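K.L.:
This is the structure, below, for whatever I ask next.
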Amino acid sequence: MTLQQNNRIYGLDALRAIAMLLGVLLHTIIAYKIYPNPSWPSDNSLHSYFFDGAYYLVHSFRMQLFFVVAGFFARMLYLKIGEQAFIRHRFKRIVIPFVGSLIFILPFTIAPFLYYKYFIADGLPTAEAWAALRSQFFRWNGMAHLWFLYYLLFFYGAMLVVLRLVPAFLKNRLLNLASFSHILLIGLLLGAIQVIFCEEPIVEVSNGIIPRFSNLLYYGFFFAVGFQVHKNAGQLKQIPQRTWLYLSIGLLLATVLFYILIWHKEQPFPYGIWILKLGVAMQSTFLTFGVMGVFLKYLNRESRTFRYISDASYWLYLVHLVMVSGLEVLFLYTNIPGIVRIILILTITSGVALVTYQWFIRYTFIGNILHGPRKREEHIIKTIA
1 MTLQQNNRIY GLDALRAIAM LLGVLLHTII AYKIYPNPSW PSDNSLHSYF FDGAYYLVHS
61 FRMQLFFVVA GFFARMLYLK IGEQAFIRHR FKRIVIPFVG SLIFILPFTI APFLYYKYFI
121 ADGLPTAEAW AALRSQFFRW NGMAHLWFLY YLLFFYGAML VVLRLVPAFL KNRLLNLASF
181 SHILLIGLLL GAIQVIFCEE PIVEVSNGII PRFSNLLYYG FFFAVGFQVH KNAGQLKQIP
241 QRTWLYLSIG LLLATVLFYI LIWHKEQPFP YGIWILKLGV AMQSTFLTFG VMGVFLKYLN
301 RESRTFRYIS DASYWLYLVH LVMVSGLEVL FLYTNIPGIV RIILILTITS GVALVTYQWF
361 IRYTFIGNIL HGPRKREEHI IKTIA
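Heads up: the sequence shown begins at 1 in full-length UniProt numbering, then just goes up one per residue.
Okay, structure coming up:
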């Protein structure tokens with residue numbers, strides 16, 4: 001498997017899009033877990049370990065995979081257009097959407113969480129709840145789901161500094177994708193990071209203005225792995241050849257660790273937390289390369305559908321959380337069955353996001369910022385004719 005002539009690897013394009021869309025699913029099912037996340041709306045109409053398991057599984061590889069792909073495409077873009085153009089490109093694609101989302105999207109995203117806290121969780125009287133909500137609304141409440149853009153800025157900055165100081169790093173190959181032992185080594189190095197720097201086996205999101213060092217190091221490691229993977233792009237065919245091996249190992253570890261960390265979380269683990277941290281690191285590594293292999297093996301071809309989804313996924317992810325959290329709170333006041341609520345949240349959120357993308361984003365200056373200019377099909381047909 002080699003890079004296509006237009007420098008696109010369609011399987012990784014699709015993978016990046018699906019990794020972002022899985023965030024919609026992840027944030028939807030949080031409300032229905034047995035152990036809901038702190039400050040998140042919790043819906044007592046339906047709680048199931050199934051959703052805890054789904055959340056645990058997706059959380060163990062989704063953003064890890066996203067940052068691997070981000071590192072991969074960062075090196076590809078840097079080689080293609082050079083340092084200065086790379087900085088301008090990333091400013092347009094990352095900085096502008098990040099700042100714009102902080103101003104225009106984040107406040108509305110935070111509002112349902114504040115409503116849930118003061119009106120439902122704390123059960124304050126109506127007047128007091130509204131006063132508390134208004135007061136907190138105009139304060140800093142974290143970045144919510146926008147943290148990944150913030151982290152990308154750190155990783156791009158670190159990449160540029162390293163390439164300035166050690167230009168040879170751009171070409172030196174440190175990773176052999178054809179070697180199972182090298183994939184195992186990635187897991188062991190990640191395990192060392194978790195054992196030394198992370199307090200808990202599961203690395204949770206940190207969305208404060210001052211990034212948690214352990215999280216930066218953890219996700220930065222995956223970005224660096226993606227950077228190295230691009231150096232070995234000619235070996236990408238080796239990953240699909242071991243897809244089911246990697247997935248089998250990852251799923252086996254995930255099953256065992258879910259049983260220990262979630263199903264029986266009240267019972268102390270007698271053999272040392274470092275074993276759990278190492279196990280979680282190995283699980284994430286094998287699931288990351290296993291899922292990558294699935295996309296490279298079965299979806300590594302040009303597809304108008306996946307190209308459209310890839311284009312739309314950025315916008316969908318930026319705006320989804322306000323709808324997901326808002327609907328989770330709204331449904332608390334209804335008699336709609338729990339499983340139907342989940343289906344409705346996913347359907348309404350995806351539908352509204354895709355419609356607004358098609359009508360107001362794709363062919364406008366916002367779409368140009370998010371993914372570059374796109375021409376309407378009728379315009380393309382007229383041009384060809």
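C-beta atoms are modelled at their ideal positions from N, C-alpha and C, and glycine is treated no differently.
The model shown is predicted, which means the values in this text are computed figures rather than measured ones.
Any chance the segment 150-166 sits against the segment 217-232, with 3 or more Cβ pairs inside 8 Å?
P.N.:
Verdict: yes, contact present.
K.L.:
Closest to LEU321 by CA distance: which of ILE209, GLY250, PRO41 and ALA17 is it?
P.N.:
For this step, residue 321 is matched to residue 321 along the sequence shown. Taking only the C-alpha atoms, the option nearest LEU321 is PRO41.
K.L.:
In the DSSP assignment, find the unbroken alpha helix (DSSP H) run with ARG304 in it and report its ends.
P.N.:
The residue labelled residue 304 in the question sits at position 304 within the sequence shown. Taken as a continuous stretch (DSSP letters only), the alpha helix (DSSP H) holding ARG304 covers 304-330.
K.L.:
If I follow the unbroken alpha helix (DSSP H) through ALA31, where does it start and stop?
P.N.:
For the purposes of this step, residue 31 is taken as residue 31 along the sequence shown, with counting starting at 1. Looking at the DSSP string, ALA31 is not in any alpha helix (DSSP H), and its letter there is neither H nor E.
K.L.:
Taking the continuous alpha helix (DSSP H) assigned at VAL69, which residues delimit it?
P.N.:
The sequence position of residue 69 within the sequence shown is 69, counting from 1. Start and end: 62-81.
K.L.:
Is ALA178 near GLN235, with beta carbons less than 7 Å apart?
P.N.:
The sequence position of residue 178 within the sequence shown is 178, counting from 1. The sequence position of residue 235 within the sequence shown is 235, counting from 1. Yes.
K.L.:
Mind pulling the alpha helix (DSSP H) runs of 4 or more residues that sit fully within the segment 89-154?
P.N.:
Whole alpha helix (DSSP H) segments, 4+ residues: 96-104, 106-115 and 126-137.
K.L.:
Is the CB-CB distance between THR288 and LEU65 below 7 Å?
P.N.:
Taking the sequence shown and counting its residues from 1, the one referred to as residue 288 is at position 288. Taking the sequence shown and counting its residues from 1, the one referred to as residue 65 is at position 65. Against a cut-off of 7 Å, the Cβ pair of LEU65 and THR288 comes out as a contact.
K.L.:
Is the beta carbon of SER313 less than 7 Å from the beta carbon of PHE61?
P.N.:
Mapped onto the sequence shown, residue 313 falls at position 313. Mapped onto the sequence shown, residue 61 falls at position 61. Contact flag unset, no.
K.L.:
According to DSSP, simplified to helix, strand and coil, what is SER214?
P.N.:
To locate residue 214, count along the sequence shown from 1; it is residue 214. The answer is helix: DSSP assigns SER214 an H, G or I state.
K.L.:
According to DSSP, is SER284 helix, strand or coil?
P.N.:
Taking the first residue of the sequence shown as position 1, residue 284 is located at position 284. Correct three-state label for SER284: helix.
K.L.:
Determine the contact status of LEU15 and VAL58, defining contact as a CB-CB distance below 7 Å.
P.N.:
Within the sequence shown, residue 15 is the residue found at index 15, counting from 1. Within the sequence shown, residue 58 is the residue found at index 58, counting from 1. Contact flag unset, no.
K.L.:
Comparing alpha-carbon positions, which option in LEU175, SER206 and ASP43 lies nearest ILE239?
P.N.:
Sequence index remark: in the sequence shown, residue 239 carries index 239 (1-based). It is LEU175 whose Cα lies nearest to the Cα of ILE239.
K.L.:
Enumerate in chain order the residues of its own chain whose CB-to-CB distance from ASN37 is below 6 Å, with the five nearest sequence positions on each side excluded.
P.N.:
Counted from its first residue, the sequence shown places residue 37 at position 37. Hits under 6 Å: ILE30.
K.L.:
May I ask which residues mark the beginning and end of the alpha helix (DSSP H) holding ALA192?
P.N.:
Taking the sequence shown and counting its residues from 1, one reaches residue 192 at position 192. Note, ALA192: alpha helix (DSSP H), 180-197.
K.L.:
Among all the DSSP beta bridges, which residues are the ones paired with SER48?
P.N.:
Within the sequence shown, the letter at position 48 stands for residue 48. Answer is LYS33.
K.L.:
Rounded to the nearest angstrom, what separates LEU12 and ALA254 at their Cα positions?
P.N.:
Numbered from 1 along the sequence shown, position 12 holds the residue referred to as residue 12. Numbered from 1 along the sequence shown, position 254 holds the residue referred to as residue 254. C-alpha separation (whole angstroms): 24 Å.
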